[in-house]
Amino acid sequence: MARRLIPAGEAPGAAAILAGWLVEEWAHLYPDWDHATAVAELIAAGDQGRPPCTWLLFDAGADQIEDDAGDGGGDDSDAAVIGSVGLALDGELGDALDGDAAPEGVWLVNLFVTPSARGRGHGSALLAHAVAAAAALGLPELLLTTERSADHYASVGWTQIGTTSLAGHRSIIMRLRTMTR
1 MARRLIPAGE
11 APGAAAILAG
21 WLVEEWAHLY
31 PDWDHATAVA
41 ELIAAGDQGR
51 PPCTWLLFDA
61 GADQIEDDAG
71 DGGGDDSDAA
81 VIGSVGLALD
91 GELGDALDGD
101 AAPEGVWLVN
111 LFVTPSARGR
121 GHGSALLAHA
131 VAAAAALGLP
141 ELLLTTERSA
151 DHYASVGWTQ
161 IGTTSLAGHR
171 SIIMRLRTMT
181 R
């Protein structure tokens, strides 16, 4: 199966589909986030690969992600959007549960794979793409929040640095160093 990754702004129709999934998945954490806002954020995100940016993953059929960002999006009529990953300038966090301010930096966001496409390495490929993009931009670290996947992220090198409450739901804050000194 080929995977193809493009900036969300180059495929507004697919971004609109994905926005619905993202809002459904995380509306409990961001109650003021609606479909129209999510679509606008996805389409606007991305200034030549610098944060904020979101990439959409299309399933078109080989075993690697090809970055087709330079092709204007291409014809996706034979491909289905199946996921996304992004980099954001903040995590929209309030205070950490221990009273400290949430860390500032670049956040991994919108990592999502549709349920029917999970278990085939798409999430790992999206994560690897975002980490590589951050390192290529010279970003020394990435941050993220997760409710349920801290063990998975820890297994691939992320470190828990705190917790926060998003709309009353506990989330773990994690960090990944993207560059070694």
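With this note's numbering, the residue at position 4 of the sequence shown is 4, and numbering never jumps.
For each residue, glycine too, the CB sits at the ideal point set by N, CA and C.
These figures come from a predicted structure and were not determined experimentally.
- Within a 10 Å sphere around the beta-carbon of H122 sit 16 or more other beta-carbons, which makes this residue buried.
- In the DSSP assignment, S165 falls within the unbroken beta strand (DSSP E) covering 159 to 166.
- CA-to-CA, the gap between T146 and L42 works out to about 20 Å.
- In the three-state reduction of the DSSP assignment, T54 falls in the strand class.
- In this structure, A102 places its C-beta atom within 8 Å of the C-beta atom of T164.
- In chain order, L29, P31 place their CB closer than 6 Å to the CB of A167, counting only its own chain and leaving out the 5 sequence neighbours on each side.
- By the neighbour-count criterion, in which 16 or more other beta carbons inside 10 Å mark a residue as buried, G20 falls on the exposed side.
- Setting aside the 5 residues that flank it on each side, A14 is surrounded in the same chain by L56, V81, each with a C-beta closer than 6 Å to its C-beta; the list follows chain order.
- Within the same chain, and ignoring the five residues on either side of A44 in sequence, no residue has its Cβ closer than 6 Å to its Cβ.
- Restricting attention to A2, T54, R3, the CA atom closest to the CA of A16 is found in T54.
- Linking P7 to L142 through their CA atoms gives a straight-line distance of about 19 Å.
- For G121, there is no enclosing beta strand (DSSP E), as DSSP gives it neither H nor E.
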